[in-house]
Amino acid sequence: VLAWFEEGEETITAFVEPFVILLILIANAIVGVWQERNAEDAIEALKEYEPEMGKVYRSDRKSVQRIKAREIVPGDIVEIAGLPAVITTCLALGTRRMAKKNAIVRSLPSVETLGCTSVICSDKTGTLTTNQMSVCRMFVLDKVEGDVASLNEFTITGSTYAPEGDVQKNDKNVKAGQYDGLVELATICALCNDSSLDFNEAKGVFEKVGEATETALTTLVEKMNVFNTEVKSLSKVERANACNSVIKQLMKKEFTLEFSRDRKSMSVYCTPAKASRAAVGNKMFVKGAPEGVIDRCNYVRVGTTRVPFTSGIKDKILSVVKEWGTGRDTLRCLALATRDTPPKREDMVLEDSTKFADYETDLTFVGCVGMLDPPRKEVMGSIQLCRDAGIRVIMITGDNKGTAIAICRRIGIFGENDDVSNRAYTGREFDDLPPAEQREAVKHASCFARVEPSHKSKIVEFLQSCDEITAMTGDGVNDAPALKKAEIGIAMGSGTAVAKTASEMVLADDNFATIVAAVEEGRAIYNNMKQFIRYLISSNVGEVVCIFLTAALGLPEALIPVQLLWVNLVTDGLPATALGFNPPDLDIMDRPPRSPKEPLISGWLFFRYMAIGGYVGAATVGAAAWWFMYADDGPNVTFYQLVRICFYFFFLSHVFFKGQFCT
């Protein structure tokens, strides 16, 4: 509109500059939209996430603080022309590279935050291990004489979900149905269970439906085949749950008392499915952590009879459980028990979970199974990479302390001969410490066992109070507060939608090595950002000096708006974007994590860029003035004339009136 009323210029000439500016703005918008679409594609159809909170560093606080986005003020943000597009491009490229490595970033700023991660708090099952649980050992009681008990110990072959394997005793195959204790153990495994097996015909493999621990028990029942079910003629689809189906026809599951962390067990209430077996009566079948279940047992099953549970028998059972849990295989043990005379169903208040522990009392111990969840092959190398990079790895698990420590030794968090007295705690031991000692424990610990989701939040708080940048993993609804509180919340791809929403990153493959790869990518992105931000600063300082000098000396306008936009978008933007493509340095994971307080540009570095920018700006003005006053093909005007006549007039006079003087 202003160009339409411009005087002294032809109509077409007046519209050139606005038209060029409009084209540049449109091009800038197109580039921004295109990069944003690329970032959205990398997120792979995850729900759009717009954080309502921002992270700022202010002088009144010693560390980064989270504030509401609407409370961010101009002092929190200093922006260089062209910088938003370049940073968005760099982060979007990093997001795409991470997505190819199964790390799906839900918040672009968290890509850069990964680079200063100093502590990774990781769940064990499925992240450090394969989550391919399989029962490899089990025992029932053989004989009991007073306080002395002998056990029948068995090993089970096969380490996948395929219902193929043998039950062995003393390295010889045996039929599980010949042992009354194993028949009842198989009954508990089949009924106190909400999982099943499924044969994937497309992949040709057996897969779990439900929790890995329960699926391992389902597979055990199929291997034991205590009722000698004919399975050879069955298809693989029918074979998946054939033996479990036989047991479920004998007893009917009425309801389930769900697992809770306080009692560390779950149970089912079952009734006879056939009138002919009504003499069996109603029963409750219980499974859970050995230390929790055994404390509520008053009897032990020996064959088909039950005998009082003495302290000697208890010590014998617990010693075997400890041996299995702390051995090289670091088995996860589950105790199996029954309540032969449970309360009547109408007398039980199922809506009140606090009473479940009262119903699971007066139990009879039947046996114990040991499961193996082997570590992922790449975990040891990833943990060593973290150690070289100065990143502490903390394993958080629901297993008992002995099992957790043994796994930490196996995967390299602890050395074989390390003293772990002040580096491993259970949730209960941690709660018993005063706050000051809890903080010290978190500063040095690398293993927490038997923890609850609330412990994760406490651990994050103490780590943040020590100025650590924490990455926390989780998959359940109860993990959401800890994921939200941590600088980098990492949800599992197999986790709940709530956990994913609360996180900044999702692991599509639930693999710990993916976290380490994401940290490496975060460090590389920060290095690239540092390079192009420094480049843009030096360039922008040159522009400012150039404009300031021309104004101070009274020279014609050095950079008209179109030229300024061209410099910012093309001359600055494209080379800066190219810097974002640089591959990571070979030794990037050999350096300690950077401090979040580390300035992007130090005082000396800022002085250098000011000097460089000043030199560029001064040289630009000097070159332009030299051309006007001394160049053979220039206007050859005096300085007096130069500071009083506009750039466009001299340009036209050079073209159309060469050789004439202007007064």
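Heads up: the sequence shown at position 337 corresponds to 978 in our numbering, and the numbers run straight through without jumps. Glycine included, each C-beta is placed from N, C-alpha and C at the ideal position.
Between the Cα of residue i and the Cα atoms of the options, which residue gives the shortest distance?
i: TRP965; options: THR1044, CYS911, VAL941 and VAL1139; result: THR1044
i: ARG904; options: PRO931, TRP1268 and GLY1195; result: PRO931
i: GLU805; options: VAL850, GLU825, CYS777 and ASN1041; result: CYS777
i: GLY787; options: ARG947, VAL746 and VAL846; result: ARG947
i: GLU1310; options: VAL927, LYS873, PRO1216 and LYS889; result: Any property of residue 1310 remains undetermined from this structure, which presents the chain solely from 642 to 1304.
i: LYS1018; options: ASN1152, ILE1037, THR1142 and GLU1001; result: ASN1152
i: LYS816; options: SER800, THR828, ALA831 and PHE795; result: PHE795
i: SER775; options: VAL789, TYR802, THR766 and THR758; result: TYR802
i: PRO1094; options: THR1038, VAL1147, PRO1016 and GLY968; result: THR1038
i: ALA1217; options: GLY1255, TYR1256 and TYR1176; result: TYR1176
i: ASP1150; options: THR768, PRO750 and ARG737; result: THR768
i: THR995; options: LEU838, GLN1172, ARG902 and GLU1078; result: ARG902
i: VAL961; options: THR771, PHE950, ALA976 and CYS833; result: ALA976
i: PRO1225; options: ALA1077, GLY756 and GLN890; result: GLY756
i: ARG1064; options: SER748, GLU1078, ARG1050 and SER1087; result: SER1087
i: ASN671; options: MET1251, LEU1210 and PHE1222; result: The amino acid at residue 671 is misidentified as Asn; the sequence shows Ile. The residue with the shortest Cα to Cα distance from ILE671 is LEU1210.
i: LEU1382; options: VAL872, LYS844, LYS873 and ASN882; result: Given a span of 642 to 1304 for the chain in the structure shown, any question on residue 1382 remains unanswerable.
i: ALA831; options: ALA843, PHE1103, LEU891 and LYS873; result: LEU891
i: THR754; options: ALA1127, LYS957, LYS955 and ASP956; result: ALA1127
Consult DSSP for residue i and reduce its assignment to one of helix, strand or coil.
i: GLN1025; result: helix
i: SER960; result: helix
i: VAL1185; result: helix
i: PRO931; result: helix
i: ARG918; result: Bear in mind that the predicted position of ARG918 carries a pLDDT of just 49, short of 50, making it unreliable; the figure below should be weighed with that in mind. Correct three-state label for ARG918: helix.
i: PHE1222; result: coil
i: ALA976; result: strand
i: PRO1076; result: helix
i: PRO750; result: helix
i: ASN869; result: coil
i: ASP764; result: strand
i: ARG880; result: helix
i: LYS1238; result: coil
i: THR828; result: helix
i: ARG1175; result: helix
i: MET1170; result: helix
i: SER775; result: strand
i: PHE660; result: helix
i: PRO1216; result: helix
Can you name the residues that DSSP bridges to residue i?
i: LYS1099; result: Note: LYS1099 sits in no beta bridge, so no partner.
i: LEU898; result: SER908
i: ASN841; result: VAL846
i: GLU794; result: PHE780
i: GLN809; result: THR796 and ASN814
i: LYS893; result: THR912
i: CYS601; result: In the structure as shown, the chain starts at 642 and stops at 1304, and residue 601 therefore has no counterpart that could be examined.
i: SER1180; result: BP columns for SER1180 are empty, so no partner.
i: ALA744; result: LEU1148
i: ARG738; result: Answer is none; ARG738 lacks a bridge partner.
i: LYS924; result: CYS911
i: GLU786; result: VAL789
i: PRO949; result: TYR940
Report the rounded CA-to-CA distance for residue i versus residue j, giving the unit in angstroms.
i: GLU895; j: THR979; result: 15 Å
i: CYS612; j: LYS1084; result: Residue numbering for the chain in the displayed model covers 642 to 1304; residue 612 lies beyond these limits and cannot be assessed.
i: ASP1116; j: ASP764; result: 9 Å
i: LEU1144; j: LYS1125; result: For the record, residue 1144 in the displayed sequence is Ser; it is not Leu. Answer to the nearest angstrom: the Cα atoms are 6 Å apart.
i: ARG918; j: ARG1080; result: Low local confidence applies: a pLDDT of 49 at ARG918 is under 50, so the model's placement there is unreliable, with the coordinate-based value given in what follows. If I take the Cα positions, the gap works out to 58 Å.
i: GLU689; j: GLU1162; result: Below a pLDDT of 50, predicted positions are generally treated as unreliable, and GLU689, at 40, falls in that range; the measurement from the model is reported next regardless. Using only the alpha carbons, I get a separation of about 23 Å.
i: ASN743; j: ALA1132; result: 12 Å
i: SER876; j: PHE868; result: 19 Å
i: ILE667; j: GLU658; result: 14 Å
i: SER1243; j: SER1098; result: 35 Å
i: GLU863; j: GLU848; result: 14 Å
i: PRO983; j: THR1002; result: 9 Å
i: ALA1082; j: ARG986; result: 46 Å
i: PRO1179; j: ILE1253; result: A small correction: the amino acid at residue 1179 is Ser; Pro does not occupy that position in the sequence shown. Taking the straight line joining both Cα atoms gives about 6 Å.
i: LYS893; j: TYR1000; result: 19 Å
i: SER908; j: ASN811; result: 32 Å
i: LEU1308; j: ALA1266; result: Summary: the structure shown does not reach residue 1308, with the chain confined to residues 642 through 1304, and so no result is reported for it.
May I ask whether a heavy atom of the ligand MG can be found less than 7 Å away from the beta carbon of residue i?
i: GLU1145; result: As far as ligands go, the structure on display features none, and thus does not contain the ligand MG.
Step through the CB atoms of chain E and report whether any lies within less than 8 Å of the CB of residue i.
i: LYS893; result: Protein chains in the displayed structure number just one, and chain E is not present.
* Asked: So does the stretch 814 to 828 actually touch the stretch 941 to 961, counting three or more Cβ pairs closer than 8 Å?
  -> Three or more Cβ pairs drawn from the stretch 814 to 828 and the stretch 941 to 961 lie within less than 8 Å of each other, which places the two stretches in contact.
_Taking 8 Å as the cut-off, does the stretch 1170 to 1186 touch the stretch 1253 to 1265 (at least 3 CB pairs, one atom from each stretch)?_
Segments in contact, yes.
Are the stretch 775 to 795 and the stretch 1002 to 1018 touching by the rule of at least three beta carbon pairs closer than 8 Å?
Between the stretch 775 to 795 and the stretch 1002 to 1018 there are three or more inter-stretch CB-CB distances shorter than 8 Å, so the stretches are counted as touching.
Is the stretch 1012 to 1022 in contact with the stretch 985 to 1004, if contact means three or more CB pairs nearer than 8 Å? Taking one beta carbon from each stretch, the stretch 1012 to 1022 and the stretch 985 to 1004 have fewer than 3 pairs nearer than 8 Å; the two do not touch.
Looking at C-beta atoms only, is the number of pairs between the stretch 1219 to 1237 and the stretch 1027 to 1034 that lie closer than 8 Å three or more?
Yes, they touch.
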